[in-house]
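For the sequence shown, the working numbering assigns the number 695 to the initial residue and increments by one for each residue that follows.
Every residue, glycine too, gets a C-beta built ideally from N, C-alpha and C.
A short worksheet on the structure shown next.
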Amino acid sequence: FFHLSAHNDVWISKETDMVKLVGLTTTHLARKINLCIDSHSSAEAKSKLTWKQRMNMNKQAWGSCHSLGHMLTTDMLRSQLYAHFVPTLEAMIRCINEYDLLNQKIVSAAA
Numbered sequence: 695f696f697h698l699s700a701h702n703d704v705w706i707s708k709e710t711d712m713v714k715l716v717g718l719t720t721t722h723l724a725r726k727i728n729l730c731i732d733s734h735s736s737a738e739a740k741s742k743l744t745w746k747q748r749m750n751m752n753k754q755a756w757g758s759c760h761s762l763g764h765m766l767t768t769d770m771l772r773s774q775l776y777a778h779f780v781p782t783l784e785a786m787i788r789c790i791n792e793y794d795l796l797n798q799k800i801v802s803a804a805a
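Right, dumping it as structure tokens:
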């Protein structure tokens, strides 16, 4: 496997490096999704953020769900990488379960 890492523009030639990169990426994207859901979960949480901050979180969550959806349609679900997708899948399922709180673009991308 040879993949380009956007972080520092080096070629990754070891599969263990790829597993680490996928783990960091999926964790980061799942965190954005969960933060968005948490920011919409109560009136108190909504009041702590401005309208622009909530809209930015919506965009970040939408992009995260969209990116993860593409990752899940590739061959990344091999046994070595599967464990990294569990929190991601949980975050995407949480989006679907909380459909009444979130923007429909986020829910559609998660589905």
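Along the chain, where does the alpha helix (DSSP H) containing residue i start, and where does it finish?
i    : result
L762 : 745-766
K740 : 737-741
A803 : 798-804
Using only alpha-carbon positions, find the residue among the options that is nearest to residue i.
i    : options                : result
S736 : R725, R748, K726       : R748
R725 : A805, C789, S741       : C789
M786 : N750, T720, A739, W745 : T720
V713 : T782, A777, D794, P781 : A777
F779 : N791, E792, H764, Y793 : H764
Would residue i and residue j qualify as a contact pair, given that the criterion is a beta-carbon distance under 8 Å?
i    : j    : result
H734 : K740 : yes
L715 : S761 : no
- prompt: Taking three-plus beta-carbon pairs below 8 Å as touching, is the region 780-800 in contact with the region 724-739?
  reply: By the criterion of at least three beta-carbon pairs nearer than 8 Å, the region 780-800 is in contact with the region 724-739.
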